[in-house]
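Undergrad: Mind looking over this structure? Questions follow.
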Amino acid sequence: MPARVRVAPDPGVGAFPAYGSPGRLTPRAEVRGRFPADDEYTGRSRAPPWQRGRPVHVADRPREELMTTAAPPLTRQRAETSAARASGVWKVYGSGEAQVVALRGVDVELERGRFTAIMGPSGSGKSTLMHCLAGLDSVSRGQVFVGDTGVTGLSDAGLARLRREKIGFIFQQFNLLPTLTAQENILLPLAIAGRKPDQDWFKTVIDTVGLGDRLGHRPNQLSGGQQQRVACARALVSRPEVVFADEPTGNLDSRSGAEVLGFLRRSVTEYGQTIVMVTHDAVAASYADRVIFLADGQIVAELTGPTPERVLDTLKSLDRPAPPETEL
Ligand SMILES: Nc1ncnc2c1ncn2[C@@H]1O[C@H](COP(=O)(O)OP(=O)(O)OP(=O)(O)O)[C@@H](O)[C@H]1O
Ligand SMILES: [Mg+2]
1 MPARVRVAPD PGVGAFPAYG SPGRLTPRAE VRGRFPADDE YTGRSRAPPW
51 QRGRPVHVAD RPREELMTTA APPLTRQRAE TSAARASGVW KVYGSGEAQV
101 VALRGVDVEL ERGRFTAIMG PSGSGKSTLM HCLAGLDSVS RGQVFVGDTG
151 VTGLSDAGLA RLRREKIGFI FQQFNLLPTL TAQENILLPL AIAGRKPDQD
201 WFKTVIDTVG LGDRLGHRPN QLSGGQQQRV ACARALVSRP EVVFADEPTG
251 NLDSRSGAEV LGFLRRSVTE YGQTIVMVTH DAVAASYADR VIFLADGQIV
301 AELTGPTPER VLDTLKSLDR PAPPETEL
């Protein structure tokens, strides 16, 4: 197994790189040339990708259903119900000795108006999956759709437009511009896109995050929780197709974290927003409608209607060695 090393910073470490302007600030690892043969990097199995790796165990769905890894084609109806979708997605970073396979044939569909959490051990591919779904990183094989837009194959300009128009981002480090006020930060993606804010919606978002009296403050005059609420408002003000949040409560104390999670939950329940959130925290995951568990770049389990206890139980069960495939 190749060493699991991070050779590039997470996309999104800069101020507002996800929205693609000015210039392209997002470092993207490009994988070029031949895709590796079956067992070239895993050393595990010569079986084709869809028969390889750990068996999938999904807590709430019939097992027969889980064995279907080939994603059906994207029909108009599917495009209407799915906010984002990955089909047979592989992601390989680097080459030769330094090659890392971060995703191994991931199929996942994120329904509109639902809150999905992604969990799994460090290095299991959570951020990579999110970045591939959000058009922040290219896939090595497979396809990604946001709504009915095929992300795979879009030019850099097309990707930047997709992120600007259809996607909202919330990162662990908030990524606010220090020289701008809270209000200016919130309206920045719209300003970049040359769009005027919908005043009623702006007011609703501000009221919901409870920042009405802080709009003129700069980030260094706000607490961590308040800064993250500014970042949430920034992600939601353009009413994106989907909001991707990578450990949004990772830098917050539990009270501020609960405020941010409560706000994300409300935006799904009351306004029909679609949210995908990476988290290590079972309590945070329990705010979601559905939790997807990743291990070694594959989806290995899933929960709907999660509670912290069920999330912890599932995480514990993933620590055990996978049962032989014949038991499924
Ligand atoms: N730009 C990159 N270049 C090379 N390898 C990378 C790159 N980004 C991620 N990886 C590797 O891909 C694998 C998956 O990384 P990823 O960041 O998706 O994990 P994660 O599940 O988000 O982990 P964490 O919980 O620590 O954030 C890791 O082995 C990581 O070292
Ligand atoms: Mg990560």
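Numbering (full-length UniProt numbering), first residue to last: 1 to 328.
Glycine included, every Cβ here is placed at the ideal spot set by N, Cα and C.
Computed from a predicted structure; not experimentally measured.
Which of helix, strand or coil does DSSP assign to D246?
TA: If DSSP states are grouped into helix, strand and coil, D246 belongs with the strands.
Undergrad: With contact counted as at least three CB pairs below 8 Å, one residue from each stretch, are the stretch 218 to 231 and the stretch 172 to 188 in contact?
TA: Contact holds: three or more Cβ-Cβ distances are below 8 Å.
Undergrad: Which residue from F115, Y271 and Q172 puts its Cα closest to that of residue 329?
TA: This structure does not reach residue 329, given that the chain is present from 1 up to 328, and the question cannot be answered.
Undergrad: Are there 16 or more other CB atoms within 10 angstroms of the CB of S286, so buried, or fewer, so exposed?
TA: Under this definition S286 is a buried residue.
Undergrad: Could you give the C-beta distance for V291 and M119, rounded to a whole number, given that I count them as a contact under 8 Å?
TA: Confirmed, about 6 Å.
Undergrad: The beta strand (DSSP E) that contains A134, what's its start and end?
TA: Neither: A134 is in no beta strand (DSSP E) and is coded neither H nor E.
Undergrad: Could you tell me whether any non-hydrogen atom of ligand 2 is closer than 7 Å to the CB of V278?
TA: V278: yes, Cβ under 7 Å from ligand 2.
Undergrad: In the DSSP assignment, what residue or residues form a beta bridge with I167?
TA: Answer is V242.
Undergrad: With distances taken from CA atoms, which of A295, F244 and A284 is nearest A83?
TA: Per the Cα distances, F244.
Undergrad: Just how far apart, CA to CA, sit G94 and L103?
TA: Computed Cα separation, rounded: 13 Å.
Undergrad: Considering only the beta carbon of each residue, do L294 and G125 sit closer than 8 Å?
TA: Yes, Cβ-Cβ distance for L294 and G125 is below 8 Å.
Undergrad: Can we count D246 as close to ligand 2, meaning its CB is less than 7 Å from some heavy atom?
TA: Yes, Cβ of D246 sits closer than 7 Å to a heavy atom of ligand 2.
Undergrad: Closer than 8 Å is the cut-off here; do at least three beta carbon pairs connect the stretch 226 to 237 with the stretch 196 to 207?
TA: At 8 Å Cβ cutoff, the stretches touch.
Undergrad: Is it the case that the CB of T128 approaches a heavy atom of ligand 1 more closely than 7 Å?
TA: T128: yes, Cβ under 7 Å from ligand 1.
Undergrad: Among the candidates G88, R112 and G96, whose CA atom is the shortest distance from the CA of V242?
TA: Comparing Cα-Cα distances from V242 to each of G88, R112 and G96, the minimum goes to R112.
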